[in-house]
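Heads up: the structure comes next, in structure tokens.
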Amino acid sequence: MDRTQMLILSFVVLGFVGVCGALLCNCTTSQCEKNGYRCETTGACMASTSFIDGQEQHVRICIDKDKLVPPGQPFFCLSAEGLLNIHCCYTDYCNSLDLKVPSVTVQPDSGAPMGGWGPVELAAVVAGPVFVLCVLVLLGLFLFQHHQRAYGHRQRLEVEDPSTEHLYLAKDKTLQDLIYDLSTSGSGSGLPLFVQRTVARTIVLQEIIGKGRFGEVWRGKWRGGDVAVKIFSSREERSWFREAEIYQTIMLRHENILGFIAADNKDNGTWTQLWLVSDYHEHGSLFDYLNRYTVTIEGMIKLALSAASGLAHLHMEILGTQGKPGIAHRDLKSKNILVKKNLTCAIADLGLAVRHESATDTIDIAPNQRVGTKRYMAPEVLDESINMHHFDSFKCADIYALGLVYWEIARRCNAGGIHEEYQLPYYDLVPSDPSIEEMRKVVCDQRLRPNVPNWWQSYEVHTHTHTHTHTHPYFLVGYMAHVLPPPYLRPCV
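According to mature numbering (1 follows the signal peptide of the UniProt record, and there is no 0), the sequence shown holds residues -22 to -1, 1 to 471 in order.
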């Protein structure tokens, strides 16, 4: 047999062995018992040692070729340190060796096996995210405060630096100078809108001085002077717009009506605020003033006359191209009248007012019979008999409310060392927050009016040669009847 034939025969034999021959392995499973605890495979022999329930377990099996994935490092042949030791081999009975499960390498002073969580590591894992979260929260607060300080600083710079204001606002002009110039040379309706916005946005709020259903009232600073800032809540936008509209009526400005300065919607960085800026009066409302102080005879007449003067101007219609419509307040009360520094009154809060257009004999707001403060509602408003199409009806209702304000002033008149404590009208007849039904029963059905103390009627009336001075409060209403025009008189007051 030549050399070529020998090589061909060798390849045939080797190929037959490669196809027909199988790898023999030791096997410890019950399925291998009938074969003498051995198995055949075309894959690999495997031996493993593991701990199960604290006992060392030895397993020897065959692994099929299709399970040896991925090639080179099959999953079936991977060990787990400290738990499982696996050995794969590829010769007959190569898995007869006894394997040991290697112990985990112990780090000095660690107190825990490698791969586990010690107390320190566990605490770090728990505390780490909490610490990071706290840092982020503190950083956010810092940035927010920095933004607020920067915003406030910018506002102060705008007030102190005239260059940030509109060129129209002269550097040496005070707010009162500006209002006087514009009201006397213009239409008398107040500052132009662009000046209003400039003024409103250069005011620095100082302190809150009041709250109400509409929002808050603040004392603010502009060019070193005090102003009052009425900040409406967003749901009161219609009230803000209406009051600003009424205040800007042509020829409305009067010494006994609150001086309007500006109206603006202002973004404070979080939400939009609705501002109405007016003169600031440190005495507050007539209600507050009468609660704190008594008044002299002269002071009583001064308060009453100035309130009547403001209401008369409000009611009065001025004819002409720059005329003024008649306006009815509809919510006149001591809380809506401010006391000025010279102890005269200024009527405020015109959000519920109505204007009368004489050319068409119409009122510029949808009729609403029961509007205002229930305690001060006139009888015809309470029983709904008021003529809603007749403007004089609204003026008469204002006069009724003014009469109740006079009663409040008269109670605090200190005449000869005698005076009454402050009370609201009908304090002894209705609860603190009466309903319309309760007021109607007292005012309309029982026809009751605020009580007049006996000492008012018995106090002496002095008559001098050149002056006629009423020195007891009971004559206040009668005195006012002579200075008010006849259309404003009410028999019930």
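Just so you know, even glycine gets a beta-carbon here, dropped at the ideal spot from N, CA and C.
Just so you know, these numbers come straight off a predicted model, no measurement behind them.
Inter-residue spacing [alpha-carbon to alpha-carbon] between residue i and residue j
i: C323; j: I315; result: 6 angstroms
i: E194; j: C374; result: 31 angstroms
i: K208; j: H397; result: 34 angstroms
i: D44; j: G21; result: 8 angstroms
i: V25; j: V79; result: According to the sequence provided, residue 25 is Ala. The question's Val does not apply to it. Near 12 angstroms, if we compare the C-alpha coordinates of V79 and A25.
i: N432; j: R389; result: 12 angstroms
i: H293; j: N320; result: 24 angstroms
i: Y225; j: H261; result: 22 angstroms
i: A356; j: V421; result: 8 angstroms
i: E399; j: S410; result: 16 angstroms
i: W253; j: E295; result: 28 angstroms
i: L119; j: A105; result: 21 angstroms
i: D31; j: L61; result: 11 angstroms
i: K189; j: G350; result: 17 angstroms
i: M417; j: L360; result: 7 angstroms
i: S74; j: E99; result: 42 angstroms
i: D70; j: P48; result: 23 angstroms
i: F109; j: L117; result: 12 angstroms
i: L145; j: R175; result: Residue placement at L145 cannot be trusted, given a pLDDT of 40 that sits under 50; what the coordinates show is reported in the next sentence. So the alpha carbons of these two residues sit roughly 13 angstroms apart.
i: N429; j: I364; result: 25 angstroms
i: Q300; j: I343; result: 22 angstroms
i: N392; j: Y271; result: 10 angstroms
i: G50; j: S57; result: 15 angstroms
i: C23; j: Q33; result: 23 angstroms
i: P303; j: E335; result: 6 angstroms
i: T338; j: I186; result: 43 angstroms
i: C67; j: V115; result: 59 angstroms
i: L402; j: V408; result: 10 angstroms
i: G198; j: A241; result: 14 angstroms
i: E18; j: L2; result: 5 angstroms
i: G288; j: E233; result: 7 angstroms
i: P412; j: R231; result: 34 angstroms
i: A102; j: C112; result: 15 angstroms
i: F372; j: H291; result: 15 angstroms
i: L426; j: F122; result: 59 angstroms
i: H367; j: I341; result: 8 angstroms
i: G395; j: D204; result: 36 angstroms
i: D76; j: P97; result: 37 angstroms
i: Y378; j: S211; result: 31 angstroms
i: Y404; j: S263; result: 20 angstroms
i: R179; j: E362; result: 44 angstroms
i: T227; j: H124; result: 42 angstroms
i: E221; j: P107; result: 54 angstroms
For residue i, the nearest candidate out of the options (CA to CA)
i: D370; options: R308, P409, N269 and L264; result: R308
i: E11; options: V108, G32, K319 and R38; result: R38
i: I414; options: N365, L380, F372 and R353; result: R353
i: residue 477; options: F122, V177, R16 and D42; result: Within the shown structure, residues of the chain are numbered from -22 to 471, placing residue 477 beyond reach of any answer.
i: K244; options: E59, R191 and I181; result: I181
i: Y384; options: G14, H232, P97 and L268; result: L268
i: L310; options: A326, G298 and G304; result: A326
i: G381; options: M366, A286 and D42; result: A286
i: D423; options: E358, L297, F29 and T227; result: E358
i: R213; options: E223, Q35, H124 and R191; result: R191
i: M229; options: L297, N4 and A282; result: L297
i: C72; options: L46, T227 and R16; result: R16
i: H36; options: H65, E59 and N13; result: H65
Supposed contact pair residue j and residue i - C-beta distance, whole angstroms, cut 8 angstroms
i: K313; j: F265; result: 4 angstroms
i: N63; j: T6; result: In fact, because the Cβ distance is near 15 angstroms, the residues do not count as touching under 8 angstroms.
i: L183; j: W196; result: 5 angstroms
i: I387; j: V317; result: That belief does not hold up - the Cβ atoms of I387 and V317 are roughly 11 angstroms apart, past 8 angstroms.
i: T376; j: A306; result: The sequence shown places Asp at residue 376, rather than the Thr named in the question. With 8 angstroms as the limit, D376 and A306 qualify as a contact, their Cβ atoms being about 6 angstroms apart.
i: I41; j: F54; result: 5 angstroms
Any C-beta of chain B under 8 angstroms from that of residue i
i: I343; result: Here there is only one protein chain, and chain B is not present.
Inset, instruction - State whether the segment 274 to 290 contacts the segment 240 to 257, with contact taken as three or more CB pairs (one from each stretch) at a distance under 8 angstroms. - result: no
Legend entry - Touching by the beta-carbon criterion (3+ pairs, under 8 angstroms), the segment 220 to 240 and the segment 254 to 271: yes
Legend entry - Segments of 4+ residues assigned as alpha helix (DSSP H) that fall wholly inside the segment 292 to 361: 357 to 360
Legend entry - Inter-stretch contact (C-beta, 8 angstroms, three-pair minimum) for the segment 214 to 231 and the segment 329 to 337: yes
Inset, instruction - Only counting runs of 4 or more residues, tell me where the alpha helix (DSSP H) segments fall wholly within the segment 366 to 396, in order along the chain. - result: 369 to 389
Legend entry - In chain order, each beta strand (DSSP E) run of at least 3 residues that lies wholly inside the segment 214 to 297: 238 to 245 and 250 to 257
Legend entry - Residue ranges of each alpha helix (DSSP H) within the segment 27 to 88, 4 or longer: none
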